[in-house]
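Top to bottom, those sequences are chains U and Z. Okay, so the first sequence: first residue is 34 according to this note's numbering, each after it adds one. Okay, so the second sequence: first residue is 5 according to this note's numbering, each after it adds one. Idealized CB from N, CA, C, for every residue including glycine.
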Amino acid sequence: MKRVLQSIAARSTIWVPYFWLLLLFLAPFLMVVKLSVSEPAIAQPPYLPAMDFWDGPPGWWEDIRQFSISNYIFIMEDSLYWKSYLSSLRIAIIATSLTLLIGYPLAYGMARAPRAWRPTLLMLVILPFWTSFLIRVYAWIGILKKEGLLNQFLLWLGVIGEPLTILNTNIAVYIGIVYSYLPFMVLPLYANLEKQDVSLLEAANDLGCTNRQAFWKVTWPLSLPGVIAGCFLVFIPTVGEFVIPSLLGGSDTLMIGRTLYDEFFQNRDWPVSSAVAVILLLILIVPIMLFQRSEGRAKEREQ
Amino acid sequence: MNRSWSPFNISSVVLGFAFLYIPIIILIIYSFNASKLVTVWAGFSTQWYALAFQNTSLMNAAWVTIRVGLISATIATVLGTMAALALVRYNVFKGRFLFSGMIYAPLVMPEVITGLSLLLLFVSMGMDRGIVTVILAHITFSMCFVAVVVQSRLISFDRSLEEAALDLGATPARAFVQITLPIIAPSIFAGWMLAFTLSLDDLVIAQFNSGPGATTLPMKIFSQVRLGVTPEINAVCAILVAAVASGVIIASVLLKRQEVRRMRAEQLAAQA
């Protein structure tokens, strides 16, 4: 009896979370794929075939025969969509580079701080990550807008003659992304830089390198795994970002997360938004696989 | 670049932290501004806090958010811990590959897709959107984060401790509750905190899966912010930031203290 109870406990440890994810992650995802080949309709729910979960296999088969790729053709032909994809990728690449540019010196400085301070500095990087993402993005509105604090400050300094328009432009989106995702860049970089053996740099000096040369010949190549991890951690979520472009961006800031959201909530075209989602995921699969591979390799190297 | 704590390194750390913290500090300072104009300072006042607390729709949203957070974080912690145990303890079972894929995929899935896909599920099952659907959605993505956090602790866990308990006659359930659970408890707690803040923070997934009467605080803030910055929203944000920051700081101090106590106990045991 005891043994039976034990094996039930062991099995449910696997099966309860397994079924949960099958039902609430995999099944919904397959439904997005399915909906992307359905037709929009003025009905409740607003698409055809309705594919009622309770229809059973014969009903499902009937629905499958009605599938079409018209939504994908529509997305290919309408320039709004592919422009959104391209512009998301461009914004994500530029923002990731900017985050690296700001994050690297910060991580480097932290790794060179007195040993006793490092845990505190690390916690200070993680802490903003725990505070609301939405609020951190919102905080920038008051700073960047025309009569905002940044413009007041620059006017007071005399750097500019009249207020700059920053809010609702792509520049504001870049600032928002760099700000929100900076911890994702700094953490892997810091983990890497902190582990590096300083005696390697001394050896480089002894062999006649200046400090600058030693950095580019020793520290930088050794830190590449951290750079790669940080860049992927910033790039992947940025491509599908919704909150930052919709709060800080202008009407001309095209990002696919926002296009999908508007397609769904304003145009109420569920099938097209599903097709947009499927293509977005196909685009993201490449960097995600590359990231997993480089992580796997990093783990092997450690062992 | 210099390898010591040089002026260059000091200034990059100082500038980096200034960039990370100044926006939040400004937000908090201006929540005490007497003026209705968010960017003009007109003296100290707590009137926006009073107004925020009197705003019933704001308070309702806060209450919905707290309930969703507490319930979803708790269930997600149980499910996530089970998933972590399954991944670490049972190396071979049917569908393990799919299982670990489903744990990691939600971590990188764009929120708009997670939100949309869950909505489609709820619609096809004929469920009305409301607080229950938001809770289900939050459990689903946050349990994966909990699983990852607990898993990393379980991997470094020394199983011989549990085996010793079993040799001494404890049942597996007792060994788990008395040995394993206390050791992995900090990571379970950290997982719960993470799940709670993820739920507190989520806008996009809630936007897709919530219905009338189940507006969460981020949804409320988002719709208000689109109309413009108000000092009242500043006040609400400042309260949230203060609550989360103090929660995290208290939690990390407690964990640290526990760690120190454990290390001391280990030292004593080694001496004896």
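Closest by C-alpha distance to L280(U), out of F166(U), P270(U), L183(U), is F166(U). With respect to chain Z, the C-beta atom of V276(U) has a partner C-beta closer than 8 Å.
When C-alpha distances from L134(U) are compared across W48(U), T271(U), A43(U), V219(U), the shortest belongs to V219(U). For M106(Z), the closest Cβ of chain U is nearer than 8 Å.
In the displayed model, P73(U) falls within a strand according to three-state DSSP. A buried status is given to T286(U), since no fewer than 16 other beta-carbon atoms sit within 10 Å of its beta-carbon. The Cβ atoms of P161(U) and R148(U) lie no closer than 8 Å to each other. At least 8 Å separates the CB of Y118(U) from every CB of chain Z. For P27(Z), the nearest beta carbon of chain U is closer than 8 Å to its own beta carbon.
Remark: three or more beta-carbon pairs, one from each stretch, lie closer than 8 Å, so the region 211–223 of chain Z and the region 59–77 of chain Z are flagged as touching. In the DSSP assignment, Y94(Z) falls outside any alpha helix (DSSP H), carrying neither H nor E. Here F100(U) is near S71(U), since their CB atoms are less than 8 Å apart. Residue environment: W173(U) is assigned as buried (16 or more neighbouring CB atoms within 10 Å of its CB, all protein chains considered). Put simply, the CB of V49(U) is near chain Z, with a gap under 8 Å to one of its CB atoms. For R291(U), the CB contacts under 7 Å within the same chain, skipping 5 residues up- and downstream, are F275, P278, S279 in chain order. Three or more beta-carbon pairs separated by less than 8 Å link the region 143–158 of chain Z to the region 86–99 of chain Z, which places the two stretches in contact.
When secondary structure is reduced to three states using DSSP, F48(Z) falls in the strand class. Residue nearest to F324(U) within the set L293(U), G263(U), A128(U), G241(U) is G263(U) (criterion: CA-CA distance). For N37(Z), DSSP records a beta bridge to F48(Z).
Ranking I237(Z), F212(Z), P176(Z) by CA distance to the CA of K224(Z) puts I237(Z) first. At a cut-off of 8 Å between C-beta atoms, L314(U) counts as an interface residue with respect to chain Z. For the region 142–167 of chain Z, the set of positions with a beta-carbon nearer than 9 Å to some beta-carbon of chain U reads I143, T144, F145, M147, C148, A151 in chain order. Interface with chain Z (8 Å Cβ-Cβ cutoff): Y114(U) is excluded. Taking Q182(Z) as the centre and dropping the five residues before and after it, the same chain places the C-beta of A169, A174 closer than 8 Å to its C-beta, in chain order.
In this structure, V153(Z) sits near L198(Z), with a CB-CB distance shorter than 8 Å.
Chain-ordered, the chain Z residues with CB closer than 9 Å to the CB of V65(U) read I117, L120, S121, L124.
If you look at F298(U), you'll find it in the alpha helix (DSSP H) that goes 289–298. Closest in alpha carbon position to Y214(U), among N201(U), A125(U), T153(U), K178(U), is A125(U).
Secondary structure note for A274(Z): its alpha helix (DSSP H) is the uninterrupted segment 235–275.
If only complete runs of 4 or more residues are kept, the region 77–163 of chain Z shows the alpha helix (DSSP H) at 100–112, 115–128, 135–159, in order along the chain. Put simply, the CB of P110(Z) is near chain U, with a gap under 8 Å to one of its CB atoms. The Cβ of D132(Z) sits no closer than 8 Å to any Cβ of chain U. In the three-state DSSP reduction, N104(U) falls in the helix class (H, G or I). Non-local beta-carbon contacts of M267(Z) in its own chain, meaning distances under 6 Å to residues more than five positions away in sequence, are absent. Counting C-beta atoms within 10 angstroms of its own C-beta, E263(Z) has fewer than 16 neighbours from the protein chains shown and is therefore classed as exposed. The C-beta distance from S214(Z) to V136(Z) rounds to 10 Å, too long to fall under 8 Å, and the pair is not in contact.
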